[in-house]
Each structure stands twice: as structure tokens, then as C-alpha cells.
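Protein chains in written order, with our numbering: chain L, 8 to 151; chain D, 8 to 151; chain E, 8 to 151; chain B, 8 to 151.
Beta carbons are placed, not taken as given, at the ideal position from N, Cα and C, and that holds for glycine.
There are 4 protein chains.
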Amino acid sequence: MLPLSKANQIIDLALEKARAENFAPLAVAVLDAGGHLVAYKREDGAGIIRFDIAFGKAWGSLGMGFGSRELTERAEKNATFIGVLSTVSGGRMVPSPGGVLILDDNRIVVGAVGISGDVGGNDEICAVAGIELSGYAAATGIPK
Amino acid sequence: MLPLSKANQIIDLALEKARAENFAPLAVAVLDAGGHLVAYKREDGAGIIRFDIAFGKAWGSLGMGFGSRELTERAEKNATFIGVLSTVSGGRMVPSPGGVLILDDNRIVVGAVGISGDVGGNDEICAVAGIELSGYAAATGIPK
Amino acid sequence: MLPLSKANQIIDLALEKARAENFAPLAVAVLDAGGHLVAYKREDGAGIIRFDIAFGKAWGSLGMGFGSRELTERAEKNATFIGVLSTVSGGRMVPSPGGVLILDDNRIVVGAVGISGDVGGNDEICAVAGIELSGYAAATGIPK
Amino acid sequence: MLPLSKANQIIDLALEKARAENFAPLAVAVLDAGGHLVAYKREDGAGIIRFDIAFGKAWGSLGMGFGSRELTERAEKNATFIGVLSTVSGGRMVPSPGGVLILDDNRIVVGAVGISGDVGGNDEICAVAGIELSGYAAATGIPK
Numbered sequence: 008m009l010p011l012s013k014a015n016q017i018i019d020l021a022l023e024k025a026r027a028e029n030f031a032p033l034a035v036a037v038l039d040a041g042g043h044l045v046a047y048k049r050e051d052g053a054g055i056i057r058f059d060i061a062f063g064k065a066w067g068s069l070g071m072g073f074g075s076r077e078l079t080e081r082a083e084k085n086a087t088f089i090g091v092l093s094t095v096s097g098g099r100m101v102p103s104p105g106g107v108l109i110l111d112d113n114r115i116v117v118g119a120v121g122i123s124g125d126v127g128g129n130d131e132i133c134a135v136a137g138i139e140l141s142g143y144a145a146a147t148g149i150p151k
Numbered sequence: 008m009l010p011l012s013k014a015n016q017i018i019d020l021a022l023e024k025a026r027a028e029n030f031a032p033l034a035v036a037v038l039d040a041g042g043h044l045v046a047y048k049r050e051d052g053a054g055i056i057r058f059d060i061a062f063g064k065a066w067g068s069l070g071m072g073f074g075s076r077e078l079t080e081r082a083e084k085n086a087t088f089i090g091v092l093s094t095v096s097g098g099r100m101v102p103s104p105g106g107v108l109i110l111d112d113n114r115i116v117v118g119a120v121g122i123s124g125d126v127g128g129n130d131e132i133c134a135v136a137g138i139e140l141s142g143y144a145a146a147t148g149i150p151k
Numbered sequence: 008m009l010p011l012s013k014a015n016q017i018i019d020l021a022l023e024k025a026r027a028e029n030f031a032p033l034a035v036a037v038l039d040a041g042g043h044l045v046a047y048k049r050e051d052g053a054g055i056i057r058f059d060i061a062f063g064k065a066w067g068s069l070g071m072g073f074g075s076r077e078l079t080e081r082a083e084k085n086a087t088f089i090g091v092l093s094t095v096s097g098g099r100m101v102p103s104p105g106g107v108l109i110l111d112d113n114r115i116v117v118g119a120v121g122i123s124g125d126v127g128g129n130d131e132i133c134a135v136a137g138i139e140l141s142g143y144a145a146a147t148g149i150p151k
Numbered sequence: 008m009l010p011l012s013k014a015n016q017i018i019d020l021a022l023e024k025a026r027a028e029n030f031a032p033l034a035v036a037v038l039d040a041g042g043h044l045v046a047y048k049r050e051d052g053a054g055i056i057r058f059d060i061a062f063g064k065a066w067g068s069l070g071m072g073f074g075s076r077e078l079t080e081r082a083e084k085n086a087t088f089i090g091v092l093s094t095v096s097g098g099r100m101v102p103s104p105g106g107v108l109i110l111d112d113n114r115i116v117v118g119a120v121g122i123s124g125d126v127g128g129n130d131e132i133c134a135v136a137g138i139e140l141s142g143y144a145a146a147t148g149i150p151k
């Protein structure tokens, strides 16, 4: 449902946006709806935990069914629960903006993008750009 | 002590309640008194972490001997301890309402239901409905 | 792609076959293509490891892209590699017959069934029966 | 030492080889010398454990300092030790051909490629092709 060609296009467009904005080096992961990695690129200079954070933003979005911005807001209200979710998921849920759901024309979730490297807000800008310029809809929170 | 036929009935009645109330898509797990899965159904559209949360609400209830609403209240008072319990249990204890003990006519715990998908309060409403309409008593906190 | 209604039908038909054949009590798990549990039933009397075995037969089939009978044959030739795969997957790959891929009319893998409780060959008979009687095609090895 | 541009080139050339040979759908991971993922692509149709296997072939090669073909041969002679290494590494060492070291002009290891999807020998052919066509040297065993 999310072919490699589209996953790769999302990454390239997200990174194009990052370079245009002069953001810090990014790691960009694209997962299918089942939470499995389809494609990944890490820009030169990004740190060694960036894969896990990028993956966890995307996986956590798929886990709960909403973009990681929503998870971030819930973490501020209920830190303990989010800490537990981190354990439950084996460290695969990261409550920080930059995890964005990918929706097709029928509003079906076909995957998620997770980006890490700059502040969460900037990571998210690139994720949304990559998704929308590839012809999908992006959900940073609960899909409407 | 908790036959498959009853576990399945609890799930179906819980989901009937969820559809009548128009709640979000739910995952419903029924565990026996030993904490082992007897039956499970995940409605279409529920996220990929929902099984683990539903299971963890039920397992945590059996772990402590009270419904997960009580665990949620303790988490607010003592976040560190609940975080440790999460680790101790390998992520099998989730402090959020929606884990409910199943008691028979002699007030013996014969299992637990765990539901995830909507907010905890709504998950719990469905768990209680499923248990009570199946002829058991439900304990959302410490059994009386 | 694999709705709960169909997953549940597969389980019920597999268990019907098991009762007609007088097999031992079974645990039956149905996973979607991403390896996530959609529905599960454990017959009364099945042991407490049966969920993990049934799940692992199905997950392992999806992991490799062929039914677990093929994985079983490879395990006989290369025990070390299969042991490593067990570790790699966190115990989610079980090399024994009874894990069967579910294919739709276009030969797309939409999920897998895993059954445990009797000998692997009998588990597999029930998995195939449940899948085929539900209108899908079953692959116990490499899909043709 | 292994820029994203080169890692990506290695993957694309490896996949070009795979398509020319009509191999099964592949997952291709490129790691830097520190064992961290730089780039990854999974062809449509590859199973859900393929990332972990591809990663583990590459990581295991870096772990020991030789391509995974050598690890495979040692596994045949000393299965127990390889099983222990698998556990020691948390499932990140996979003893099957297809993990190949990337060496620069000074014979310094700058990373590794791991491929999974077809039989190990075919996976390895694609890894070597990708590395060599990108201007690096490949080591499928102990670097000379």
C-alpha cells in the first residue's frame, strides 16, 4: 500500500525542504502501516540516536493512530502514562513532534514518516512537506 | 475457570456497547486468572500498539489484584513506583482505566478484560458492560 | 485489508475442523500483513505457551514470506541460522507447521494464521481449512 | 567517512543488480563503521523480518571485522558460540552470506552492507555489486 518508490520520494522531498530551510542534519524514516521500515536516509552529521528517535516518532504515530504532536501534548499532561507506553512498546514510541501519518485519497493510513535532527517543530515541517508534495495527506495529530 | 465461550461473549458484548456509543475502534483482550490470553478482537482501524495496551491493562489488573483505574490513581501519587512496575513486568502493566477484573458469584477473580482505543473512561465502560452482561461482576478498582 | 469479520470467521472454521477431527485443544491466532494480532481464540484446556507458539508460527510466516512448513524444513538443514532468527525476531518466529499465509484473489498476502495445540501437521490442517473455507487461498510454504 | 550519497548509491546499484538477475524482493541496509544505519530500502513484497536480517548481517560483519560469509562458516563449525553471539549482540548478528564490509582505498573499513530477501549467496552478489560499482572494495570474509 506504500510502495518503495513513494516512500523514497517522501524522504527526498523532506530533505529538500530541510536544506532549503537550512535545518540541522536530519534522519528520515518512512514506515508502512504495519510499522515496518520501508526506506531511510540519514544526512551526514546527524547523531547516532537519530534513527531510533525518527523510527519511534513514526511508530508511535501508527501505534496510537495519530501524529506524534498529539502524543507530545498528552505527555505534558500525563508523563507517567507516556513513560509506560515507552516501555510497553519496547522504546518504539517517542512523544515529540516530527511523527506524521501518511493518508491516501480515501483517508486510509498507509504509513508514517518520522524525522529527527532539528527541533521537533522543524522536523515536522519537513515531514509534512515530504508527504504533501508526494501527493498524500499528512496528519500531525488526530486525523480528521 | 473462564471458558472460551464466556470470554468471547464478554468481547462481543463490549464491542456491541462501543458501537452503540459510537466510540473509537477498540481492541479487547480477555485474560484468564493466570494472565494468559483467552480471546481477543481488534476492530478495523485500531492502531498497532492497541493490543499491547489492552493486554497490559488486563495483565496489570491481575498483577495487582485490582482494576487498572486504581493503578491509574496510584500512578498520579507515585509515578516512579508505577514506572518501575512497568519495567519489572516487562511492559505488561498499563496504568489507565479500561482494565477490569472479572469476578464470579463467589467473588473469585476468574480473569480480566483490557480495552484500548478510546479514552480510558470509555474503554472501561465497554469492559464493565461486557462483563456484567455476561453474568459476572466487574471490579474497576479494589474488589469489595 | 484483513477485516476483523474475516479473521474471526477463519478462527471459527478452523476450530470447527479441529472439533470434527477430534484434535487436541487449539490456540488460533490471526495476524494482519504487518504482523499484528487481529483476533485470537484459545480452546479450553490448551496450555499457557500456546499463544506464543501460535503467534510465532504466524509471525514467522509473514517475516519470511512463506508458510512455517518451509521454515521447518530449513530448520532441519540449518539449525543454527533458525536459532539466530528466533533471537533476531525476539522469539516471534517458530519453525513448526501450522503457520499459514492468507492470500487474496490477487495472490497478495493479507495476513497469516498460526495454530498450536496438536502436532504441527494437524494444526496446519485446521489453519488451511479456516482460510480456504473463508474464501482465501492458503500457503503452507512458498506461495506459488 | 561513508557519506549518505555513497550509501544511497550502493543501495541503488545493488537493487539494479537484483532486478537484472530477477532475484526475490530485497531489503538493503547500509551501516557506517560504528554500526549505525545510514540508508535503507525495502523492495515491495519483502517480508517483515527482512530489515532485521539485513541489518544483522551488516552489523555482525562490523562486529567481527569480517563479512558474514566467514561468520556463516564458523557457525557450521561452532553453532553454540554463534548462538551465544546472537544473544550477546541482542539479535544483531546474523550468520548468513549477504553481509559485506565496505573498504576504502586505504583498506579502511568505512561501513557494511547487509541484504536479505533471496538466498544468502544471491544477497551477497548484490551487495558486492553495489559496493564495487560505487568505487569501494568489498570483503565477504576476512579483509586481505
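Residue range of the unbroken beta strand (DSSP E) whose run includes residue i
i	result
K48(L)	L44 to R49
A36(D)	A34 to D39
L110(E)	G106 to L110
A119(B)	V116 to S123
A144(B)	A144 to A146
Burial state of residue i, where buried means 16 or more other Cβ atoms lie within 10 Å
i	result
S75(L)	buried
F30(D)	buried
R57(L)	buried
I138(B)	buried
D39(D)	buried
D130(D)	buried
I55(E)	exposed
V126(B)	exposed
K48(L)	buried
K84(B)	exposed
K151(E)	exposed
Alpha carbon of residue i to alpha carbon of residue j, nearest angstrom
i	j	result
A82(D)	L92(D)	10 Å
I115(B)	L33(B)	27 Å
G97(L)	T147(E)	31 Å
T87(L)	A86(D)	6 Å
L78(L)	A53(B)	30 Å
N113(B)	A14(B)	18 Å
V37(E)	A145(B)	42 Å
D111(L)	K24(L)	21 Å
R1(D)	I89(L)	Outside the shown range of chain D (8 to 151) lies residue 1(D), about which nothing can therefore be said.
D19(D)	A134(L)	39 Å
A136(B)	E80(B)	22 Å
Y143(L)	V35(B)	25 Å
Residue range of the alpha helix (DSSP H) that includes residue i
i	result
I89(D)	A86 to V95
V135(D)	G127 to L140
M8(L)	Per DSSP, M8(L) belongs to no alpha helix (DSSP H) and is neither H nor E.
K64(D)	R57 to M71
Beta-carbon separation (whole angstroms), residue i vs residue j, contact threshold 8 Å
i	j	result
F73(D)	I149(D)	4 Å
I43(E)	G41(L)	A small correction: the amino acid at residue 43(E) is His; Ile does not occupy that position in the sequence shown. That belief holds up - the Cβ atoms of H43(E) and G41(L) are roughly 6 Å apart, short of 8 Å.
V120(L)	I109(L)	6 Å
A21(E)	I122(E)	6 Å
P104(B)	G128(B)	6 Å
L11(B)	V117(B)	Going by Cβ atoms, the distance from L11(B) to V117(B) rounds to 13 Å, so no, they are not a contact pair.
When the options are compared against residue i, the one with the closest alpha-carbon
i	options	result
G106(D)	K84(D), A14(D) and I132(D)	I132(D)
V45(B)	V45(L), D51(L) and H43(L)	D51(L)
G124(B)	Q16(B), D59(B) and I89(B)	D59(B)
V101(E)	G128(E), K48(E), A65(E) and V35(E)	A65(E)
S141(D)	L78(D), S12(D) and I17(D)	I17(D)
Heavy atom of the ligand SAM within 7 Å of residue i beta-carbon
i	result
I132(D)	As for the ligand SAM, it is missing from this structure, which has no ligand bound.
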